[in-house]
Ligand SMILES: Cc1cc2nc3c(=O)[nH]c(=O)nc-3n(C[C@H](O)[C@H](O)[C@H](O)COP(=O)(O)OP(=O)(O)OC[C@H]3O[C@@H](n4cnc5c(N)ncnc54)[C@H](O)[C@@H]3O)c2cc1C
Ligand SMILES: Cc1cc2nc3c(=O)[nH]c(=O)nc-3n(C[C@H](O)[C@H](O)[C@H](O)COP(=O)(O)OP(=O)(O)OC[C@H]3O[C@@H](n4cnc5c(N)ncnc54)[C@H](O)[C@@H]3O)c2cc1C
Ligand SMILES: Cc1cc2nc3c(=O)[nH]c(=O)nc-3n(C[C@H](O)[C@H](O)[C@H](O)COP(=O)(O)O)c2cc1C
Ligand SMILES: Cc1cc2nc3c(=O)[nH]c(=O)nc-3n(C[C@H](O)[C@H](O)[C@H](O)COP(=O)(O)O)c2cc1C
Ligand code: FES
Ligand code: FES
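Protein chains in written order, with the working numbering: chain A, 43 to 315; chain B, 43 to 315; chain C, 29 to 334; chain D, 29 to 334.
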């Protein structure tokens, strides 16, 4: 359905240099949305830009019937998004695509790159903390992003988290994949994963997703990746957004990121074609 | 020069069905503008609509450094104009084109069709009332327009005026050209115009301008017409906006409405080519 | 309650109304069903089918341009066999006329594809995409030379008893000549335009945005070119035209019909507004009604009369 | 303070920078002078000149389309004699290189026009518009057949010692073939693209919007087509290219240069932003500087290397 959702909130977060915005939409999307899905949003009633923009659902409030998205201004479309005012209505398709599997027990390791942290946060929201242990590994450019995102103190909110930044301004200096490797190499984890109890969900830039997947697979840890691809229709009709996968017989196939994704089993994704 | 003028006022006037708006711009335009000139205004920072929109200057306040325009919403461009908020800046070229001749004595008869009344009002503003007698003939669809335009009581403001409407809801029923004919046929005028003292300035739809010109010429009354044509550049560079004229030797020539116009001597305009 | 007759006859192809959705933009008819019931449409056109399955081009396959979209899907499709097995049986369930779009890289491909679809195949017509490169002849598209275009259509004509729609490429010097060629070849209907060859370069990476370098331009940007071509083709041939290229609103659809299209097809606009086909149908009907036309047919080609 | 060398050599034509303004969009150089000093530009191109004065087409001559503009000015111009008398003498005062655009309807027209301009005429180059209909040969434009395009250029070559820019029409099946033809004809430089043939119909009056029915499409809408053609022509010929078609921003200019244009020309964008040529020059310079190019030349054709 094409929904007209009401914009409850649309504001810049933190430092202007980050160009990071938060938008809250009120309407029907929240009713059926699950973490990992996305919405396809019309940024303006105009031929230029022509297409809708895909944005991940990063918060779902079924009671208030609100979903939250976070976006970074990178071009014309996201720039126009910032101009939408509160109480305006926007045209939205969604929720679209597949979501993350929600584990019922064991340990869930979230591996986030940059703004990819937000969709993963929505997973934390829905997980049963009594039965599932959650840990978040985050890597990004610098401290400013986390400050702007309001996540600098997230550990105080009970989230077990390790961070790394390229410039070392927060956490360890380096890539999140280093955090991941040292975590998986640790003894305690080995025990858990031998029980088949550890799962990884990851969201971030493509290069990172590939590295995370390879590390996980070499440790025999199942991993779900949230892919991004340029999209036109968002509903599986145009074949614009495909990724390559290998099926069980080893044949190369296409999957549509908007329909069979964006969340896919990392094992099947062919990263370099 | 490309000017960034500040929008001091931009609001709908009267009945929504009329789609009539008033916009006041503060900046440099007012310094040099004369009645009959126009501005070329960018309605949005977008490729669609692509072009600027020409709008007549309808009020000039040299002291406050403000010009006023009135516009009717007829398509995408004028619709976008309505969305500009007060204190925003707009990109304007102008003042552009020729203006009306401002008579120093005698009688000036203004013949307006519909929204064409506004540019003519700016003529009234600048004329020396002691030396020049001004009369306004207006024709339009119905009373609602004049009410919306706030001109229903204009006679009370000292403007000598006759009106006609197609539906007879205001003034006499019929066309403004009928008012013009009966006025020019009246004895008092004949006397004035024999003195070469009567001049006509007219603004309105093309068909009306043509009829007004023919009537004036048959009465040997000089007439200045304010033409409209679709425009791209507004400065004489593209030859998109031409009209046809006959020069003194009777040769067909083109004039650019944006440059040699929009105000032209009615005598030279070739109406049907 | 409308008194406008929307029935549309394109030669032997009879549609309940003149609104069609375009090949490659409407999947296999199911993707948009939740947004726009196919049963309300005149017809839908499925993604181009080739003899063998194709993975198509690598990504990025899409680039946005001013009021336009470049795509280089590269004819990804399940291939004829899989199409007939897994997709064709579901199509009648959509309760609309189905046009199957076929694409080949040799005359043999077209022969093979045409033979596979007959009037008992449960579809309404075959649309022949002649914009693909002719691999045996230096890779120029069939649809850019009158002779090869005519040959493709004649081959399809010989091998199927379904109505044939010849889909023209706009990347030609003389569209009227191409239209005449496919008419000679035996086409029942002409559809146009396919996409215009275009390109976009990323100034950051200094490489073409599309992995395939070039792609097909569609969307509102191309509309004036499409309208011109429909207008020219209307004067050149006697067979009916399906107009497409940048139609987003009912006003656009009316424009194409006035230019000479008996039906219109909606492509890129679906991506922006999945309800576009229905919105367009509604607006078209109202336009006819307000102007007192008893049938939508009456406006076809009117721009030529004045 | 810039260290980027902006000097641009197009064969024998030397410009202070690669920014040109396009024929028909810049009058005779004076109209935009208050907005954008011509002396800051590489060159300006004046309106197309024909042997005799032309009144051009009736109005409406303009129609706006999504991200585009249709025009049918119909080559209104004062004619050669009046041009030489009233306009040519003023051009040196603009303190920039001046390119004179010539248009003909027969080979004789081009001979006549070319002979009238030589290296002592105070202009820098002749741009030969071959998009006009060849009246003696059924009205198809010279620029749509390689033979006639080559013939026109060869004629101009024979009759002038000025650098010749052949301006290609995009309304062709194979732009590379056309480029090769004008190269054979003796062109020093190729400029492209001219406008794409388009049409717009007013659904209220049910008539074409333009009095002339069809017109030329320009503006951002055509940019992907123009970039593709520049890219193809760059691979087909050895002479330099002036790229144009929808360039509105410096990013667009960079895109054309990466595709293979040694200089770029700004047309429709002037109507929207009279400072566009200067804004584009500034942005282009900064792009080069930030990436460490010593000369703007270095980015020409880079999109082909990767
Ligand atoms: C499933 C999905 C979920 C997403 N979720 C989020 C989110 O939650 N928050 C968020 O900020 N962004 C998200 N994105 C990315 C977001 O859609 C793009 O940033 C946005 O569409 C850019 O639009 P624009 O008009 O601002 O930029 P454009 O002007 O379209 O592009 C600017 C630059 O970015 C490049 N670019 C644009 N889109 C993509 C893309 N999809 N992949 C790679 N490069 C691209 C362009 O080539 C160009 O160089 C998501 C994308 C997908 C596919
Ligand atoms: C010198 C000059 C002064 C003007 N002054 C005023 C003014 O003071 N107030 C005012 O309201 N309008 C004025 N206009 C007209 C105004 O410019 C147009 O109404 C406006 O450009 C329409 O833009 P749009 O995008 O809303 O409509 P569009 O979407 O561009 O057009 C809507 C419809 O109007 C037609 N149309 C558009 N422009 C013109 C035109 N110039 N001539 C004939 N038909 C046209 C189109 O074909 C279409 O059918 C003036 C025009 C000129 C040339
Ligand atoms: C993503 C995409 C895929 C397409 N695939 C096909 C195809 O397989 N076969 C075909 O004949 N046309 C194909 N087309 C062309 C469309 O059917 C249509 O002719 C073109 O897009 C112009 O219409 P539009 O501007 O309304 O999209 C495709 C277009 C797009 C945008
Ligand atoms: C109003 C107008 C008039 C034009 N006149 C001419 C002309 O006389 N000769 C010519 O070769 N090209 C002419 N052109 C084409 C332009 O020079 C240019 O090739 C084309 O507009 C594409 O560039 P743009 O998209 O930047 O405008 C004209 C274009 C426009 C818009
Ligand atoms: S965006 Fe169209 S298939 Fe995914
Ligand atoms: S609008 Fe360009 S010459 Fe008048």
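Where is the CB? At the ideal position from N, CA and C, for every residue including glycine.
Item, Value
"Check: residue 50 (chain A) C-beta below 7 Å from any heavy atom of ligand 3", "no"
"Proximity test, residue 64 (chain D) beta-carbon vs ligand 4 heavy atom, cut-off 7 Å", "no"
"DSSP state of residue 180 (chain B) mapped onto helix, strand, coil", "strand"
"For residue 248 (chain A) and residue 285 (chain A), the rounded distance between their alpha carbons", "11 Å"
"DSSP three-state assignment for residue 157 (chain C), whether helix, strand or coil", "strand"
"Beta strand (DSSP E) segments (min. 3 residues) lying fully within the segment 277-308 of chain D", "291-294"
"Continuous alpha helix (DSSP H) stretch holding residue 123 (chain B): start and end", "118-124"
"Boundaries (first-last residue) of the alpha helix (DSSP H) holding residue 232 (chain D)", "Where residue 232 (chain D) is concerned, there is no enclosing alpha helix (DSSP H), given that its DSSP letter is neither H nor E."
"Any non-hydrogen atom of ligand 3 within 7 Å of residue 53 (chain C) CB", "yes"
"Exposure of residue 314 (chain B), with buried meaning 16 or more beta-carbon neighbours within 10 Å", "exposed"
"is_contact[residue 109 (chain C), chain A] using C-beta, thresh 8 Å", "no"
"Selection from B:202, B:140, B:257, B:241 that minimises the alpha carbon distance to residue 277 (chain B)", "B:140"
"C-beta contact flag for residue 41 (chain D) and residue 191 (chain D) at 8 Å", "yes"
"Contact residues within the segment 185-209 of chain C, judged by C-beta distance below 8 Å to chain D", "199, 200, 201, 202"
"Residues that residue 307 (chain A) bridges to, as DSSP identifies them", "A:266"
"Three-state class that DSSP yields for residue 348 (chain C) in the structure shown", "As shown, chain C starts at 29 and ends at 334. That puts residue 348 (chain C) outside it, with no answer to give."
"Cross-chain neighbours of residue 88 (chain D) in chain C, by beta carbon under 9 Å", "In chain order: nothing, as chain C lies at least about 14 Å away."
"Continuous alpha helix (DSSP H) stretch holding residue 257 (chain D): start and end", "251-264"
"Proximity test, residue 82 (chain D) beta-carbon vs ligand 2 heavy atom, cut-off 7 Å", "no"
"As assigned by DSSP and simplified to three states, the class of residue 332 (chain C)", "helix"
"Contact test: residue 152 (chain B) Cβ vs ligand 4 heavy atom, cutoff 7 Å", "no"
"Spatial neighbours of residue 214 (chain B) in its chain, beta-carbon cut-off 6 Å, leaving aside the 5 residues before and after", "206"
"Collapsed DSSP secondary structure at residue 212 (chain C) in the structure displayed", "helix"
"Enclosing alpha helix (DSSP H) for residue 160 (chain A) [first to last residue]", "159-168"
"Through-space distance from residue 74 (chain C) to residue 126 (chain C), alpha-carbon basis", "7 Å"
"For residue 107 (chain C), the three-state DSSP class (helix, strand or coil)", "helix"
"Proximity to residue 45 (chain A) [Cα-Cα], best of C:184, C:92, C:301", "C:301"
"Contact set between the segment 290-308 of chain D and chain B, restricted to residues whose Cβ is under 8 Å from the partner", "296, 298, 299, 300, 301, 302, 303"
"Check: residue 93 (chain C) C-beta below 7 Å from any heavy atom of ligand 4", "no"
"Residue from D:194, D:313, D:148 whose Cα sits closest to the Cα of residue 269 (chain D)", "D:194"
"Nearest-angstrom Cα separation, counted from residue 256 (chain D) out to residue 172 (chain D)", "18 Å"
"Residue 282 (chain C), buried or exposed, once every other Cβ within 10 Å from all chains shown has been counted against 16", "buried"
"Bridge-paired residues (DSSP) for residue 215 (chain B)", "B:207"
"Cβ-heavy atom distance, residue 98 (chain B) to ligand 1, below 7 Å", "no"
"Close-in-space but distant-in-sequence residues of the same chain around residue 184 (chain B) (CB under 8 Å, 5 per side omitted)", "207, 208, 209, 211, 212"
"Selection of the segment 75-101 of chain B by Cβ proximity to chain A, strictly under 7 Å", "88, 89, 90"
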